[in-house]
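Under the working numbering, residues 1 to 256 are what the sequence shown spells out, in order. First comes the structure, then the notes that go with it.
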Amino acid sequence: MSKKAKYIDAYAAELPLDKLKELSGEELHKWVNDTYSVAVEAGYAGCAVTTRITRYKGDLYLLVRKFDEAVANAREEGALVFSRCHIDVTNQPELKRILGNIRRYCDLISVSPQDRQLMAFSSRDHRIDVINLAPEKAPPFFSGDIVELKAQEKLIEMTVSSLFSGSMLNPYRIRALRDSLKTVKKKNLKIIISTGPQQIYSPRDPRALFSFAKIFLEIDLAKLSKDMSYGIYKRISENQLKRNGKIPVRGVEIEK
């Protein structure tokens, strides 16, 4: 990587799974490339396009594989774009079932834990890369969570879209997120800030996000810059090597 940091928008345009099913391969390919172009225009080197999974279904792995293949094809053509699956479920058994189905078809997997059980599981399960913090909903981190998050070098993510109510910044959400980040910053965990789901993908310049993060969330800019470039690249590169069988996959929790 060059001395100039190359930032990745790790949560670019979102495509719900049902919508993904409706798109032809050509339409999906165009959507991926269009999203990448918008990210580059905003100042990013690349992005992770996202599909949201809200439940397990029989054809889940086929849909996720279709999504990943479209992203891989765009990358072969020169776009610095990656596949991300965001799992939005509220119970641990369903989360485990989904993870077992999709891990080999995603460059990144993220969750937004909204209770202690899911936070503890998401922190320790090696198949999960990103913990997305939902303001006013994310449970507190416990010491065991911190140990796992740090050891596995997971990414703690906040999204710009989650801080808005309509077109206005929500001060209560900013305050809640700042409180959630206190332990994360103190323990020097990896932090990223991404665009998040929007009706129309409209990313802000990454340096504008850094200024926002410094002023409102009191995040160290040098560390944020490193985490949003090298930190994301490292995680994705390791996952791609695992998917290709070039390095072993770390163990996952074994059912007793």
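Note that beta-carbon positions come from the ideal geometry of N, C-alpha and C, so glycine has one too. Since the structure is predicted, the reported quantities are computational estimates derived from the model, not experimental observations.
Residue span of the beta strand (DSSP E) that contains residue i, given as start and end
i, result
"K154", "Looking at the DSSP string, K154 is not in any beta strand (DSSP E), and its letter there is neither H nor E."
"I200", "Here I200 belongs to no beta strand (DSSP E), and DSSP marks it neither H nor E."
Bridge-paired residues (DSSP) for residue i
i, result
"F82", "A48"
"A111", "Reading off the sequence, residue 111 comes out as Val, not Ala. Answer by DSSP bridge pairing, in chain order: I87, I131."
"I98", "I98 pairs with nothing; no bridge assigned."
"E14", "T50"
"L63", "Paired residue(s): none; L63 is not in a bridge."
Residue from the options whose Cα sits closest to the Cα of residue i
i, options, result
"A213", "D115, E157, P16, P197", "E157"
"K66", "K223, L17, V40", "L17"
"P203", "L28, K19, C47, W31", "C47"
"L155", "G58, G43, Y230, L217", "Y230"
"I215", "E41, P171, C85", "P171"
"G25", "T50, V40, A74", "A74"
"V130", "K223, M119, D59", "M119"
Unbroken alpha helix (DSSP H) run spanning residue i, endpoints
i, result
"E77", "No alpha helix (DSSP H) holds E77; DSSP gives it neither H nor E."
"S211", "206-217"
"S122", "116-124"
"S237", "232-243"
"K190", "Looking at the DSSP string, K190 is not in any alpha helix (DSSP H); the run it does join, the beta strand (DSSP E), is 190-194."
"R178", "171-186"
Beta-carbon separation (whole angstroms), residue i vs residue j, contact threshold 8 Å
i, j, result
"Y61", "R97", "Going by Cβ atoms, the distance from Y61 to R97 rounds to 11 Å, so no, they are not a contact pair."
"V184", "I191", "6 Å"
"A45", "Y7", "6 Å"
"I232", "A10", "6 Å"
"A79", "S225", "Going by Cβ atoms, the distance from A79 to S225 rounds to 23 Å, so no, they are not a contact pair."
"N132", "S161", "The Cβ separation is near 11 Å, so there is no contact."
"Y201", "V71", "The Cβ separation is near 15 Å, so there is no contact."
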